[in-house]
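Numbering (my numbering), first residue to last: 1257 to 1474.
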């Protein structure tokens, strides 16, 4: 469905579009998501090149990263057409990257193909664990959020509008999203990795709160 030559061009396009990212969604993030997606696709028997194409492209139309998401959508469509990616393959890619984000799940259930479930798992795995801690703090600083405010409770049952527009804190983000991702994984391999990575985050938050109040013990 997608040739190796097309996949290389898709990789180049995605890395160019996110080359100036300073929110934790740059080339290093893409490379990790693609590597995780490859592992999961092989284990699950998914269409490999479709999975990898969507993994490379999953952030290039993201409304939290792009000043004009609609324009970014049109630009990607034009690029894929110029690369002679078939209409069927383009549809499959957009069905994944248009519907896989955590924010989309806040407004209802998602229906994703196997390739979509794998890319979603890979992206969510890169949001948790030690790398997830670093990215959460980096992103919160990028958007000007506080690290922590014990008087501000984590938000429950958020809508997408609240998630996108209401200010939060870096530590609350663990409760509002990151601790939930383990239970939202689709594939068995991702669930196992998520369990390990989630424990790393829980240990970090517990230690952080002890140090915040200077109650940590030697």
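Yeah, the Cβ is synthetic: ideal placement off N, Cα and C, and Gly gets one too.
- Looking at 1427, 1433 and 1394, the one whose alpha-carbon comes closest to that of residue 1278 is 1394.
- A distance below 8 Å separates the beta carbons of residue 1388 and residue 1434.
- In the three-state reduction of the DSSP assignment, residue 1402 falls in the strand class.
- Partner residues in the beta bridge of residue 1425, as assigned by DSSP, are 1402.
- Residue 1385 has its alpha-carbon roughly 8 Å from the corresponding atom of residue 1452.
- For residue 1283, the enclosing alpha helix (DSSP H) has its first and last residue at 1283-1300.
- A straight-line Cα-Cα distance of about 13 Å links residue 1465 and residue 1407.
- Classified as buried, residue 1311 has 16 or more neighbouring CB atoms from the shown chains inside 10 Å of its CB.
- For residue 1372, the enclosing alpha helix (DSSP H) starts and ends at 1370-1381.
- In the three-state scheme derived from DSSP, where H, G and I count as helix and E and B as strand, residue 1443 is classed as coil.
- For a cut-off of 8 Å, the C-beta gap from residue 1380 to residue 1437 is around 5 Å, short enough to register as a contact.
- Excluding residues up to 5 positions away in sequence, 1262 lie with their Cβ nearer than 8 Å to the Cβ of residue 1340 in the same chain.
- Rounded to whole angstroms, residue 1264 and residue 1414 show a C-alpha spacing of 38 Å.
- In this structure, the alpha-carbon of residue 1284 lies about 23 Å from that of residue 1455.
- Residue 1267 counts as buried, since at least 16 other C-beta atoms from the protein chains shown sit within 10 angstroms of its C-beta.
- At the C-beta level, residue 1286 and residue 1300 stay beyond 8 Å of one another.
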